[in-house]
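Engineer: Note that our numbering has the sequence shown beginning at 1028, numbered continuously upward.
First the structure, then my questions, so here it is.
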Amino acid sequence: MFANWQLMLLSFFYIALLFLIAFLGDKYRHLIQGKRQALIYAFAVSVYCTSWSFLGTTGQAATSVYSYLPIYLGPILLLFFAWPFLQRIIQTSINFNLTSIADLLAARFGKSHALAILVTMVSLLGTMPYIALQIKAIVYSFQQLQIEQVFMPWQLGLVTSCVLAGFSMLFGIRNIDVTERHPGIMLAIAFEALVKIIAFASVGIFICYFVFDSPQDIWQQASANAELASALQFPDLSAMFGMIIIVMAAFFVLPRQFHVMIVELRDEQDAWLSRRIFPLYLLVFAFFSAPLGLAGYLLLGNSVPADMYVLVLPWYQDQTWLTLFAFLGAISAASSMVIVSTIALSTMLSNEIVFPFLFKKNKHPTQYDAFRLKLLNIRKILVLFVSLLSYLVFLFIPPTALASLGATALGALAQLTPALVAAFYWRRATLKGVFTGISIGFSLWTLLNFLPQLGFYQGPLVETIFASSTAINLLCLSVNVVVMVLISLVTRSSIQERIQGALFLKRQLPQSLVESKRKAKSKRLAISVDELLLLTAQFVGDDKASKSFQAFEQVAITLEYTVKEKAEYALEHTEKVLSSVMGSSSARLVLNSALDGHDFALDELATLVGNASSHRQEFSQNLLKSAIENTRDGISIVNDELELVAWNKQYAILFNYPDNILRVGCPIESLIRFNAERGLCGGGDIEAHVKKRIDFLRLRQSHNSERLREDGKVIRIEGNPLPDGGFLMVFSDITAFRQAERVLKEANQDLETRVAERTKKLEKANKELAKARVVADEALSKKSHFLQVCSHDLLQPLEAARLFTSALASQSTLNENQQRQVSSIDLSL
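Put into structure tokens, the structure is as follows:
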């Protein structure tokens, strides 16, 4: 293999090259624009491909040739079918300056600090095994290629953790505004993405087409190997499908993935290229993983760990440079994940836990320079803390358990996905439902999956259908979803949750809520824009604060804000600027604390601290009272104790109640008895009328009836039970309607009578017409007979005369004149 100094020198030069690339990326950031920026972003997204993709999947393929496919299929399916979802996350995060998955979920559900802390802890615990796995990959790769083991694993691991933490602190923690992108880091991550894909593809092409004839040749030789028969069997589809679900659920909420895809995105248009390049990137890994795993087993067997096949196969074929290139690819795959994850986790820990704690402890004004230095140092310390914590995981957890913990950790991060989906697609989701769902799902994952994996005790579900880690992850995820849905259905969202939900769901706020929000904001005039500028400058610096508020002033002038509107929008603007530095929940804490120092009560500051509910309640009560008083119907409301709690003026007029009888808390039984005694309930026993109506109310049965009173009025009575107990009664005077109905019925009856009389006359006329027709037919028949007789008597003499004329014309004794006369007579006849 290689001497230690050779591997160390190569590693040193490679790390120095990364430092140089990051330095140049920061220095010449103005040159990273347009297509260059989109291309860098597209390759940086491949931070998803860690040492597990570079080394681990070939080891998986050696034992089960299809088992690694869910790792690649999950993201590909998401990018093709969940692209609109990703776009909504990107747009919302950019609009609200959201800095992490914890910040996003906290902002959606009422800017809850407790939820932000919970999400941060889940992300930390779910990512630590992953970071430890990368440290293991670098250390074991180094050990596999060295001639003699001069350095112990714990020494190599410590050096690796410190170097990567130093790189993250130097180039990833340079500004307190985490929404300011890190072009140097992104350029270095994109470079590492190229190194690992080219290295992996080079090893794959060499083994598949130079050592063997083709991937098909490898497959045929593996099929002929009895020891690989089990590896070539098609796996359980349910297990593979379950793993795909877990991978898809965890993809968007991986801290490193969220940071690169959302926080580091400069322009939304850059994302479209990643949708095309990243799936192809994954397909390269997916294509070569199986052939390399099978080839490694055919050539090396169990002489080296299966995870090291990618490194050892080139060396086995005397390809020194290809071996070193594969070593750099493994380092690239592992280091890029560690760098981005430590930056993302340090941001979450500082914004959601450390900073709020320090701010509550020390509330006196802080200068920007002191605050900036303090916050940067805190984040750098947290980067080192996360790195060393992961190093401890690497140190104290056995290597075999660490390898399996990588897949197990996906189940922890997947617990955040139901809340993320509900944040954008389910209006009814509440903070209590989401918080409880994540808490229970994560707790089950810890007890049933994480602790048994660490060897503390045997898993309680080993003998059940949930014996595998994937099955337990699915079980925990399902429980999370069910609990979130059930709790959300039985709880109500706060005003702040509804406001934030409307923004995330792109829905317009209900008018009553808008009015409540406006009314609460109108009381904020006690704090000026200049004071907000001074407050902002303490945390983001004078220069940025001045530029930000100058832009706000231009918007205020353009949109012609009134004094009240300017004051309320200035608060929202301040919160947005502060969110870019410390996250939404911490920004809210700062604003609340600053406003609390003024001469007015905190509840007058309204919706940002959730106290707009009292204003909304007042507005709703006034609106309800106005609606009740202006209706034409009589309305009364009875509570679950059958006591009158509300009524309108028309109700009192309709029943002609005395002034002193209607009061809040009056038993409805006494009012019914009062009406029955006056005959308004009809005849019969008074107590029977009272009992009948009270039974309806107690049984909470809807009813609808009409009552004709002695004064001629017709009253329609409609009763409906209320959801929270009690009864709503509506009394309508429908006398005019019934009178109109009666008149219509009488008119209808009169019309029917007249139609019957006219029908009778028409039938009589038809009969007379039929008789006249018979008489006319008889007269016509007699006339025809008479004409026949007459024509016979007239034609008979004429025919005889014509006969004689013909006989006369035939005689030859007639002269010419006689002949002419006879012809004339014949023609005349």
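For each residue, glycine too, the CB sits at the ideal point set by N, CA and C.
Remember, predicted model here, so these are calculated numbers, not experimental data.
Write down the C-beta distance between Ile1174 and Met1275 rounded to the nearest angstrom, noting that I regard them as a contact closer than 8 Å.
Structural biologist: Position 147 of the sequence shown, counted from the start, is the residue given in the question as residue 1174. Position 248 of the sequence shown, counted from the start, is the residue given in the question as residue 1275. Going by Cβ atoms, the distance from Ile1174 to Met1275 rounds to 44 Å, so no, they are not a contact pair.
Engineer: Within 10 Å of its beta-carbon, does Ala1253 have 16 or more other beta-carbons around it, so buried, or fewer, so exposed?
Structural biologist: Translated into the one-based positions of the sequence shown, residue 1253 becomes position 226. Label assigned to Ala1253: exposed.
Engineer: Report the three-state DSSP secondary structure of Trp1453 (helix, strand or coil).
Structural biologist: For this step, residue 1453 is matched to residue 426 along the sequence shown. If DSSP states are grouped into helix, strand and coil, Trp1453 belongs with coil.
Engineer: Could you give the distance in angstroms between the alpha-carbon of Val1590 and the alpha-carbon of Ala1583?
Structural biologist: Indexing the sequence shown from 1 puts residue 1590 at position 563. Indexing the sequence shown from 1 puts residue 1583 at position 556. Answer to the nearest angstrom: the Cα atoms are 10 Å apart.
Engineer: Taking 6 Å as the limit between beta carbons, can you name the residues of its chain near Val1510, skipping five residues before and five after?
Structural biologist: The count along the sequence shown starts at 1 and reaches residue 1510 at position 483. Around Val1510, the same chain offers Thr1463, Gly1464, Ile1467 as residues with beta carbons nearer than 6 Å, after the five sequence neighbours per side are excluded.
Engineer: Assuming Leu1351 contacts Val1337 (C-beta within less than 8 Å), just tell me the rounded distance between them.
Structural biologist: Counted from its first residue, the sequence shown places residue 1351 at position 324. Counted from its first residue, the sequence shown places residue 1337 at position 310. Actually they are not in contact, since the Cβ atoms of Leu1351 and Val1337 sit about 13 Å apart, beyond 8 Å.
Engineer: As a quick exercise: from Glu1490, Val1508, Thr1457, pick the residue whose alpha carbon is nearest that of Arg1519.
Structural biologist: In the sequence shown, counting from the first residue as 1, residue 1519 sits at position 492. The shortest C-alpha separation from Arg1519 is found at Thr1457.
Engineer: Taking its Cβ as the centre, do 16 or more other Cβ atoms sit within 10 Å of Glu1418, making it buried, or is it exposed?
Structural biologist: Position 391 of the sequence shown, counted from the first residue, corresponds to residue 1418. Here residue 1418 is Tyr; the residue named in the question, Glu, does not match the sequence. Tyr1418 should be labelled buried.
Engineer: Tell me which residues share the same chain as Glu1696 and place their Cβ nearer than 8 Å to its Cβ, disregarding the 5 neighbours each side in the sequence.
Structural biologist: Here the question's residue 1696 lines up with position 669 in the sequence shown. Same-chain partners within the cutoff: Leu1669, Val1717, Ile1721.
Engineer: Ala1360 and Thr1077 - do their beta-carbons sit closer together than 9 Å?
Structural biologist: Position 50 of the sequence shown, counted from the start, is the residue given in the question as residue 1077. Position 333 of the sequence shown, counted from the start, is the residue given in the question as residue 1360. Closer than 9 Å, so yes.
Engineer: Could you give the distance in angstroms between the alpha-carbon of Met1035 and the alpha-carbon of Ile1042?
Structural biologist: If you number the sequence shown from 1, residue 1035 lands on position 8. If you number the sequence shown from 1, residue 1042 lands on position 15. Approximately 10 Å, taken between the alpha carbons.
Engineer: On a CA-only basis, which of Asn1666, Ser1808, Tyr1678 is nearest Thr1658? Give me that one, please.
Structural biologist: On the sequence shown, residue 1658 is found 631 positions in, with the first residue counted as 1. When each option's Cα is compared against that of Thr1658, the closest is Tyr1678.
Engineer: For Asn1404, does the count of other Cβ atoms within 10 angstroms reach 16, so buried, or fall short, so exposed?
Structural biologist: In the sequence shown, the residue the question calls residue 1404 occupies position 377. Looking at its Cβ environment, which holds fewer than 16 other Cβ atoms inside 10 Å, Asn1404 is exposed.
Engineer: Thinking C-alpha only, which one of Leu1586, Arg1293, Leu1681 is nearest Asp1660?
Structural biologist: As a position in the sequence shown, residue 1660 is number 633, starting the count at 1. Closest option to Asp1660, Cα to Cα, is Leu1681.
Engineer: So what's Glu1745 in DSSP terms, helix, strand or just coil?
Structural biologist: For the purposes of this step, residue 1745 is taken as residue 718 along the sequence shown, with counting starting at 1. Strand at Glu1745.
Engineer: Mind checking whether Ala1228 and Val1074 have CB atoms under 9 Å apart?
Structural biologist: Translated into positions along the sequence shown, residue 1228 becomes position 201. Translated into positions along the sequence shown, residue 1074 becomes position 47. No; because the gap between Cβ atoms is not below 9 Å, this pair is not in contact.
Engineer: Where do the ends of the alpha helix (DSSP H) carrying Asn1844 lie?
Structural biologist: Residue mapping note: residue 1844 aligns to position 817 of the sequence shown, counting from 1. Counting along the chain, the alpha helix (DSSP H) containing Asn1844 begins and ends at 1843-1855.
Engineer: Any idea which residues DSSP pairs Phe1754 with across the strands?
Structural biologist: Indexing the sequence shown from 1 puts residue 1754 at position 727. The partner list for Phe1754 (beta bridge, DSSP) reads Val1665, Pro1748.
Engineer: For a quick check, are the C-beta atoms of Val1230 and Leu1326 less than 9 Å apart?
Structural biologist: As a working mapping, residue 1230 is identified with position 203 in the sequence shown. As a working mapping, residue 1326 is identified with position 299 in the sequence shown. No, these two residues do not count as a Cβ contact at 9 Å.
Engineer: Considering just the uninterrupted stretch of the alpha helix (DSSP H) at Arg1302, what are its terminal residues?
Structural biologist: The count along the sequence shown starts at 1 and reaches residue 1302 at position 275. Counting along the chain, the alpha helix (DSSP H) containing Arg1302 begins and ends at 1298-1327.
Engineer: Helix, strand or coil, according to DSSP, for Ala1827 in the structure here?
Structural biologist: Counting from 1 along the sequence shown, the entry for residue 1827 is found at position 800. It is helical.
Engineer: I'd like the list of long-range same chain contacts for Ala1703, defined as Cβ closer than 7 Å, with 5 residues on each side in sequence excluded.
Structural biologist: What you label residue 1703 is simply residue 676 of the sequence shown in a count that begins at 1. Once the five neighbours on either side are set aside, the close Cβ partners of Ala1703 are Ile1713, His1716, Val1717.
Engineer: Okay, do the region 1759-1767 and the region 1730-1746 touch, 3+ Cβ pairs below 8 Å being the bar?
Structural biologist: The region 1759-1767 makes contact with the region 1730-1746: 3 or more CB pairs, one atom from each, lie closer than 8 Å.
Engineer: Closer than 6 Å by C-beta to Ile1370: which residues in its own chain qualify, once you throw out the five before and the five after it? Chain order, please.
Structural biologist: Your numbering for residue 1370 matches position 343 in the sequence shown. For Ile1370, where only same-chain residues beyond five positions count, the Cβ hits under 6 Å are Ser1195, Gly1199.
Engineer: Using a Cβ-Cβ cut-off of 6 Å (strictly less than) and excluding sequence neighbours within five positions of Tyr1099, which residues of its own chain qualify?
Structural biologist: In the sequence shown, residue 1099 corresponds to position 72, counting from 1. Within the same chain, Tyr1099 has close Cβ partners Leu1309, Ala1313.
Engineer: Can you find the residues in the same chain that come closer than 8 Å, C-beta to C-beta, to Phe1181, ignoring five residues on each side of it along the sequence?
Structural biologist: The sequence position of residue 1181 within the sequence shown is 154, counting from 1. It should be noted that the sequence gives Trp, not Phe, for residue 1181. Around Trp1181: Leu1422.
Engineer: Mapping DSSP to helix, strand and coil, what is Ser1094?
Structural biologist: As a position in the sequence shown, residue 1094 is number 67, starting the count at 1. In the three-state scheme derived from DSSP, where H, G and I count as helix and E and B as strand, Ser1094 is classed as coil.
Engineer: Among Val1280, Phe1758, Ser1377, Ser1729, whose alpha-carbon lies nearest the alpha-carbon of Val1883?
Structural biologist: Shown here, the chain extends from 1028 to 1856; a query on residue 1883 therefore has no answer.
Engineer: Expressed to the nearest angstrom, what Euclidean distance is found between the alpha-carbon atoms of Gly1104 and Ile1526?
Structural biologist: Along the sequence shown, read from residue 1 onward, the residue named residue 1104 stands at position 77. Along the sequence shown, read from residue 1 onward, the residue named residue 1526 stands at position 499. The sequence given here has Leu at residue 1104, not Gly. Spanning the two alpha carbons is a distance of roughly 33 Å.
Engineer: Are at least three pairs of beta-carbons, each pair with one atom in the region 1744-1753 and one in the region 1776-1791, less than 8 Å apart?
Structural biologist: no
Engineer: Which whole runs of the beta strand (DSSP E) in the region 1463-1501 are 3 residues long or more, in chain order?
Structural biologist: none
Engineer: Using the rule of at least 16 other Cβ atoms within 10 Å of the residue's Cβ for burial, across every protein chain shown, is Arg1135 buried or exposed?
Structural biologist: Locating residue 1135 in the sequence shown gives position 108, where the first residue counts as 1. By the neighbour-count rule (16 or more Cβ atoms within 10 Å), Arg1135 is buried.
Engineer: Any idea if Phe1107 is buried or exposed, counting beta-carbon neighbours within 10 angstroms, 16 or more meaning buried?
Structural biologist: As a working mapping, residue 1107 is identified with position 80 in the sequence shown. Result: exposed.
Engineer: Among Trp1079, Ala1088, Met1148, which residue has its Cα nearest to the Cα of Phe1469?
Structural biologist: Your numbering for residue 1469 matches position 442 in the sequence shown. Comparing Cα positions, the closest option is Met1148.
Engineer: Over the uninterrupted beta strand (DSSP E) stretch that includes Arg1734, give me the two end residues.
Structural biologist: Mapped onto the sequence shown, residue 1734 falls at position 707. Looking at the DSSP string, the run of the beta strand (DSSP E) that includes Arg1734 is 1730-1735.
Engineer: Secondary structure at Phe1029, three-state DSSP: helix, strand or coil?
Structural biologist: To locate residue 1029, count along the sequence shown from 1; it is residue 2. Under the three-state reduction of DSSP, Phe1029 is assigned to strand.
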